[in-house]
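**Student:** Residue numbers (my numbering), protein chains in the order written: chain A, 24 to 280; chain B, 560 to 573.
The following block contains the structure, expressed as structure tokens.
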């Protein structure tokens with residue numbers, strides 16, 4: 024059988040918020056190591072990779088590997104039924120047709136169970152090549168969300184340029200142009216507020232704002248976001264999920280036609 | 560004019 028318990032259901036609630044813009048259905052791969060998901064959006068422009076390690080759960084049991092196809096909107100509806108203080112347990116039997124979500128209130132006086140039908144999905148797994156990125160930027164996730172929101176008012180696409188001076192975001196459209204420059208912060212400052220640029224070579228890439236604005240739905244998961252970039256390869260936008268794992272978004276760049 | 564690449568043009572199906 025499969026059973027995974029998280030005292031903080033709010034983590035799973037936030038994970039669903041972070042994927043529901045991009046994915047309508049996804050296969051959750053459950054093994055001894057934990058729960059993994061890899062799925063592309065419908066247009067195959069972005070890829071979501073989620074990893075929740077078994078040791079990050081408060082209780083975890085997986086007797087045999089399971090691939091569970093789930094409707095993301097349905098799962099999101101169910102998780103919205105959990106209070107943030109609730110404990111969540113996911114439960115399925117071997118060869119399951121359904122998965123059960125159990126929510127328990129802190130003093131266990133309310134227990135809710137939701138059973139969701141699983142769906143058969145054609146699994147398409149992509150091999151992500153090991154890449155040494157030219158630029159890796161760590162910055163406050165709220166700042167990144169704000170910049171994506173602000174700049175998307177000016178154009179459909181946003182150019183991210185990274186150099187040793189810092190990181191520059193720009194957008195251009197019918198109304199005019201927008202530019203936001205962030206300088207590296209001094210090492211002594213608060214880590215959550217830090218902007219850190221590790222650069223081997225300067226990089227300038229252009230991405231669709233729509234996807235970036237979907238990625239920043241993960242902002243509540245982590246105070247910092249990591250952006251990894253190299254010329255002419257997908258951007259990696261990564262958020263740590265507490266002590267349990269991470270969510271990575273890969274986004275194909277726009278290129279000159 | 561810029562064109563949107565797909566993720567499958569970078570990552571191969573396994």
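Ideal placement from N, C-alpha and C gives every residue a C-beta, glycine not left out.
As the structure is a computational prediction, the values presented were derived from the model and not from experiment.
Should residue 73 of chain A be flagged as near chain B, meaning a C-beta pair shorter than 8 Å?
**Tutor:** No, residue 73 of chain A lies away from the interface with chain B (no Cβ there is under 8 Å from its Cβ).
**Student:** Quick one: give me the first and last residue of the beta strand (DSSP E) that residue 140 of chain A is part of.
**Tutor:** 134-140
**Student:** Determine, using beta carbons only, whether residue 141 of chain A and residue 112 of chain A come nearer to each other than 8 Å.
**Tutor:** Contact flag unset, no.
**Student:** The region 55-71 of chain A: which residues have C-beta closer than 8 Å to a C-beta of chain B, in chain order?
**Tutor:** 63, 66, 67, 68, 69, 70
**Student:** With a 10 Å radius around its C-beta and 16 neighbouring C-beta atoms as the bar for buried, classify residue 134 of chain A as buried or exposed.
**Tutor:** exposed
**Student:** Looking at chain C, which residues of the region 121-152 of chain A have a Cβ within less than 8 Å of any of its Cβ atoms?
**Tutor:** Reference to chain C is not applicable here, since the protein chains of this structure are A and B.
**Student:** Looking at residue 89 of chain A: is its Cβ nearer than 8 Å to the Cβ of residue 38 of chain A?
**Tutor:** It is not a contact, given that the beta carbons lie outside the stated cut-off.
**Student:** Who are the neighbours of residue 257 of chain A on chain B, taking C-beta pairs under 7 Å?
**Tutor:** Those within 7 Å of residue 257 of chain A in chain B are 566, 569.
**Student:** With DSSP as the reference, label residue 236 of chain A as helix, strand or coil.
**Tutor:** helix
**Student:** What residues of chain B sit near residue 225 of chain A, judged by a beta carbon separation below 7 Å?
**Tutor:** Neighbours of residue 225 of chain A on chain B: none; closest Cβ ~19 Å, over 7 Å.
**Student:** Show which residues of chain B have a CB atom less than 9 Å away from the CB atom of residue 156 of chain A.
**Tutor:** Correct list: empty, because the minimum Cβ distance to chain B is about 13 Å.
**Student:** Between A/236, A/165, A/224, A/264, which has its C-alpha nearest residue 216 of chain A's C-alpha?
**Tutor:** A/165
**Student:** Taking just the CA atoms, how far does residue 251 of chain A sit from residue 151 of chain A?
**Tutor:** For residue 151 of chain A and residue 251 of chain A, the distance between alpha carbons rounds to 14 Å.
**Student:** What does a CB cutoff of less than 6 Å around residue 58 of chain A pick up in its chain, not counting 5 residues either side in sequence?
**Tutor:** Here the set comprises 51, 75.
**Student:** With 16 as the cutoff for other CB atoms within 10 Å, does residue 214 of chain A come out buried or exposed?
**Tutor:** exposed
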